[in-house]
Amino acid sequence: MNPSKSSSSKSDRKAIEKNRRNQMKNLYSQLHSLVPREGSSSGEPMTLPDQIDEATNYIKQLQMNVEELKEKRDNLRSSDRPNGKSKSRRGSSYSPVQIDVNENCGTLEVTFVTGLECQFVFNEVIRILHEENAEVLNASYSVVEDTAFHTIHAQVGEDASNYSAARISERLKKLNI
Numbered sequence: 001m002n003p004s005k006s007s008s009s010k011s012d013r014k015a016i017e018k019n020r021r022n023q024m025k026n027l028y029s030q031l032h033s034l035v036p037r038e039g040s041s042s043g044e045p046m047t048l049p050d051q052i053d054e055a056t057n058y059i060k061q062l063q064m065n066v067e068e069l070k071e072k073r074d075n076l077r078s079s080d081r082p083n084g085k086s087k088s089r090r091g092s093s094y095s096p097v098q099i100d101v102n103e104n105c106g107t108l109e110v111t112f113v114t115g116l117e118c119q120f121v122f123n124e125v126i127r128i129l130h131e132e133n134a135e136v137l138n139a140s141y142s143v144v145e146d147t148a149f150h151t152i153h154a155q156v157g158e159d160a161s162n163y164s165a166a167r168i169s170e171r172l173k174k175l176n177i
């Protein structure tokens, strides 16, 4: 057996193990940096097992939150909507989204009324306006009890304002909500 070869392979193994330990240390550090520091106000560094426990508990809490949100989503999706009506948690009913579009010289005023359960409609309206190359000038809303009132002002391109406004109006009124 060659002694120089043996010491060379031994130093190679040591270098590989050192690299592995450094990589694991970096991965632990990255994991710990992703966990919010709510309870650790003492300023003392946490031991590695404590960091892993904290990350594990945080991930479990996130999983429970995801399950709760999925259940909430499924409950909202499966709520009865006969004749376009649905019961909210407070027992009051709301009608489907009411959308009104007014066009005047290339400017659109989009007003719509939703229940608090349908706040996502705002994003859909903005998406449609952007797809039709309308520039949103301002947007506002107000909430009264279980109802949200939205108003969006948008500028339609000058080249085809009548056609664009009609197409936008048609698309907005077709929202299946």
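Sequential numbering from 1 applies to the sequence shown in full-length UniProt numbering. Every residue, glycine too, gets a C-beta built ideally from N, C-alpha and C. Remember, it's a predicted structure, so these values are computed and weren't measured experimentally.
CA nearest to the CA of residue i, picked from the options
i, options, result
"residue 167", "63, 106, 23 and 70", "106"
"residue 154", "120, 141, 173 and 102", "102"
"residue 147", "116, 9 and 70", "116"
"residue 121", "67, 150 and 136", "150"
"residue 123", "26, 52, 152 and 25", "152"
"residue 134", "36, 125 and 32", "125"
"residue 205", "62, 51, 21 and 118", "As shown, the chain starts at 1 and ends at 177. That puts residue 205 outside it, with no answer to give."
"residue 174", "100, 9 and 139", "100"
"residue 47", "70, 36 and 28", "28"
"residue 37", "130, 75, 7 and 58", "58"
Contact set for residue i: own chain, Cβ-Cβ below 7 Å, skip 5 residues either direction
i, result
"residue 98", "112 and 113"
"residue 128", "168, 171 and 172"
Sequence-distant residues of its chain with Cβ nearer than 8 Å to residue i (five each side left out)
i, result
"residue 77", "none"
"residue 132", "156, 164, 167, 168 and 171"
Run of the alpha helix (DSSP H) containing residue i, from where it starts to where it stops
i, result
"residue 146", "It is not in any alpha helix (DSSP H) - residue 146 carries neither H nor E in the DSSP assignment."
"residue 57", "48-77"
Start and end residues, beta strand (DSSP E) containing residue i
i, result
"residue 101", "98-104"
Own chain residues within Cβ distance below 6 Å of residue i, not counting five before or after
i, result
"residue 109", "102 and 153"
Proximity test, Cβ basis, 7 Å: residue i and chain B
i, result
"residue 52", "Included in the structure is just one protein chain, with no chain B present."
Checklist entry - Which runs of the alpha helix (DSSP H) fall wholly inside the stretch 106-146 and span at least 4 residues, in chain order? => result Runs of the alpha helix (DSSP H) inside the stretch 106-146: 121-131.
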